[in-house]
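Residue numbers (my numbering): 12 to 224. We put the CB at the ideal spot given by N, CA and C, even for glycine.
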């Protein structure tokens, strides 16, 4: 089977224009080795999705590294954990990192341990005591609420799935939707080859079925 890049007559004008159009539309480079494997539009779609994920993750990692450098953390490795980087200031630093990463958004820190539950139940009990005019119980509830809140704040942690630089960079990645890529590839192929509606198909071969020269 012949591909976009290789056939007995060499690479024709149609194939050159198709490859250039794909590269321009999706902001990627298509090396010869990859073009040689593109026998159908589906091959192009699969390559674009894979390459865009790779490029986007590299962009996110660069943006994240720059944000961390702005906070005074240079020479950060992808496998490093934020607990290792931020130490006892992990929550304050996590919030600062979130601001620096805009317009990307990162998950909020999460409560850990029973502190949040203590604060919640104490608040509820205090409100009920106030309605019942049980001032002593209301005071105890307020005290326990303060203790629980402080406890919860001290034990808050970074979400498990985001606990390393590499994992957070992956979260920041904005993948291309497959349906979007599929439609764009179809539009490019039909325009470049002047195909009529109904001729195109994602599994049709560029050279044998779609007439690429």
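Comparing C-alpha distances from residue 215 to each of 29, 32, 35 and 50 shows the shortest one belongs to 50. Within 10 angstroms of the beta-carbon of residue 192 lie 16 or more other beta-carbons, which makes it buried.
Collapsing the DSSP output to three states places residue 184 in coil.
Residue pairing by DSSP puts residue 92 in a beta bridge opposite 175.
Rounded to whole angstroms, residue 105 and residue 35 show a C-alpha spacing of 37 angstroms. Considering only 89, 77 and 83, the residue with the shortest C-alpha distance to residue 97 is 83. Buried is the label assigned to residue 221, since at least 16 other Cβ atoms lie within 10 Å of its Cβ. Collapsing the DSSP output to three states places residue 207 in coil.
Buried is the label assigned to residue 46, since at least 16 other Cβ atoms lie within 10 Å of its Cβ. Taking 8 angstroms as the cut-off, the Cβ atoms of residue 52 and residue 200 count as close. Exclusion of the five residues before and after residue 188 leaves no residue of its chain whose Cβ lies closer than 8 angstroms to its Cβ. If you look at residue 52, you'll find it in the alpha helix (DSSP H) that goes 52–81. Distances from the alpha-carbon of residue 75 to those of 182, 203, 208 and 26 put 182 closest.
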